[in-house]
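Colleague: Dropping a structure here in structure tokens format, bear with me for questions.
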Amino acid sequence: MRRRVSWAPLLLVTLLAGVTFAYLIEARGVSLSPQNLLLLQPTAWLVLFLWAVLAIGYLRTPAQLEEGPAESWPDVGRVVAMVAAFGGFILALEPLGYDIAIWGFTLIALIIGGERNKIALAIFPLVFSLAIVTGFRLLVPYPFPTSLL
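Counting from 1, position 56 in the sequence shown corresponds to residue 56 in the numbering used here; the numbering is continuous, with no gaps.
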């Protein structure tokens, strides 16, 4: 089977890995204190590891004889709806609070993604927002706005 290099995604992940590596070098140049690098350094190493895995895959992509079907208008609509929902999520964080904004965005994202199970729609956004807010409180030393939690 013939192989080809997928240049566009390879260049994108290489750019992201390069920015991550530069940020890691800059952060380590400022301070080597474990408190300052507690989240940054493991995350940066994870990004660089994932870059290596993706780069190997993009260098060994099987050649396709024909292109897949073009995106349909409903597919494009779902992407636009998800982008709009994320924008609404960002705008709602401060006025509504993180808990309500995360719950609402998760619920809308599930609906846009096609989830129709009412139990999943009722439980998952609630559990997810509770887990995220609890994780933020454990990691971030200053208070952030919430409505219910």
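Backbone N, C-alpha and C fix where the C-beta goes; we use that ideal spot for every residue, glycine too.
T61 and R4 - do their beta-carbons sit closer together than 7 Å?
Modeller: Along the sequence shown, read from residue 1 onward, the residue named residue 4 stands at position 4. Along the sequence shown, read from residue 1 onward, the residue named residue 61 stands at position 61. In contact: R4 and T61 (Cβ atoms closer than 7 Å).
Colleague: Give me whichever residues DSSP pairs with T61 in a beta bridge.
Modeller: Walking along the sequence shown from the start, residue 61 turns up at place 61. According to DSSP, which records beta bridges pairwise, T61 is partnered with R4.
Colleague: Using 8 Å for Cβ pairs, my map puts L55 next to T20. What's the rounded Cβ distance?
Modeller: Taking the first residue of the sequence shown as position 1, residue 55 is located at position 55. Taking the first residue of the sequence shown as position 1, residue 20 is located at position 20. It should be pointed out that residue 55 corresponds to Ala in this sequence rather than to Leu. Not confirmed; about 13 Å, so no contact.
Colleague: When the distance is taken between beta carbons, is L107 closer than 7 Å to P95?
Modeller: Numbered from its first residue, the sequence shown carries residue 95 at position 95. Numbered from its first residue, the sequence shown carries residue 107 at position 107. No; because the gap between Cβ atoms is not below 7 Å, this pair is not in contact.
Colleague: Quick one: is A17 buried, meaning 16 or more other Cβ sit within 10 Å of its Cβ, or exposed?
Modeller: Numbered from 1 along the sequence shown, position 17 holds the residue referred to as residue 17. So A17 ends up on the buried side.
Colleague: Below 8 Å on the Cβ atoms is my contact criterion, and I expect A92 with I112 to pass it. Report the Cβ-Cβ distance as a whole number of Å.
Modeller: In the sequence shown, residue 92 corresponds to position 92, counting from 1. In the sequence shown, residue 112 corresponds to position 112, counting from 1. That belief does not hold up - the Cβ atoms of A92 and I112 are roughly 16 Å apart, past 8 Å.
Colleague: Taking the straight line between their C-alpha atoms, what separation do you get for I123 and L110?
Modeller: Position 123 of the sequence shown, counted from the first residue, corresponds to residue 123. Position 110 of the sequence shown, counted from the first residue, corresponds to residue 110. About 12 Å.
Colleague: Identify, in the order they occur along the chain, each residue of the same chain with its Cβ nearer than 7 Å to the Cβ of R78, setting aside the five sequence neighbours on each side.
Modeller: Start at 1 with the first residue of the sequence shown, and residue 78 comes out as number 78. Excluding sequence neighbours, R78 sits near I112.
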